[in-house]
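Reviewing the structure listed below.
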Amino acid sequence: MKWTDSRDIAIELCEKFPEIDPKTVRFTDLHHWITELDEFDDEPNRSNEKILEAVILCWMDEMD
Numbered sequence: 001m002k003w004t005d006s007r008d009i010a011i012e013l014c015e016k017f018p019e020i021d022p023k024t025v026r027f028t029d030l031h032h033w034i035t036e037l038d039e040f041d042d043e044p045n046r047s048n049e050k051i052l053e054a055v056i057l058c059w060m061d062e063m064d
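In the UniProt record's numbering, the protein residues as written are 1 to 64.
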C-alpha cells in the first residue's frame, strides 16, 4: 500500500484497531500506525496533513 491508498489503509486500520474512534486519533499516532502496517510499503516521509485527513475520513466511513 502507498499513501494514496486511503481506502485500503482505512480498512486495515479498522480491522487492526476496531475499538478506536478515528475522530480521536492524533496525526502523529495515525502516521505511526500506518507505517507499521504489514502491507504498507511507501516512504514514511511522503505523507502530509491532506493524506492523513483522507485516511481518517475513509476510516470513519468504514466504521459506519
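Just so you know, even glycine gets a beta-carbon here, dropped at the ideal spot from N, CA and C.
Discussion item. For GLU39 and LYS23, I'd like the C-alpha separation in whole angstroms.
Written reply: Numbered from its first residue, the sequence shown carries residue 39 at position 39. Numbered from its first residue, the sequence shown carries residue 23 at position 23. Using only the alpha carbons, I get a separation of about 23 Å.
Worksheet item: If we count the other Cβ atoms within 10 Å of its Cβ and call it buried at 16 or more, is GLU12 buried or exposed?
Response: As a working mapping, residue 12 is identified with position 12 in the sequence shown. The residue is buried, with at least 16 neighbouring Cβ atoms inside 10 Å.
Worksheet item: Relative to the alpha-carbon of ASP29, which residue among GLU53, ARG7 and ASP41 has its alpha-carbon at the smallest distance?
Response: The residue given as residue 29 occupies position 29 in the sequence shown. If we check each option's Cα against that of ASP29, GLU53 comes out closest.
Worksheet item: What's the gap between the Cα of SER47 and the Cα of PRO18?
Response: Translated into positions along the sequence shown, residue 47 becomes position 47. Translated into positions along the sequence shown, residue 18 becomes position 18. A direct Cα-to-Cα measurement between SER47 and PRO18 gives close to 23 Å.
Practice prompt. Determine the closest residue to GLU36 out of ILE51, SER6 and LYS16, with distance taken between C-alpha atoms.
Written response: Looking up residue 36 in the sequence shown gives position 36. Among ILE51, SER6 and LYS16, the Cα nearest to that of GLU36 is on LYS16.
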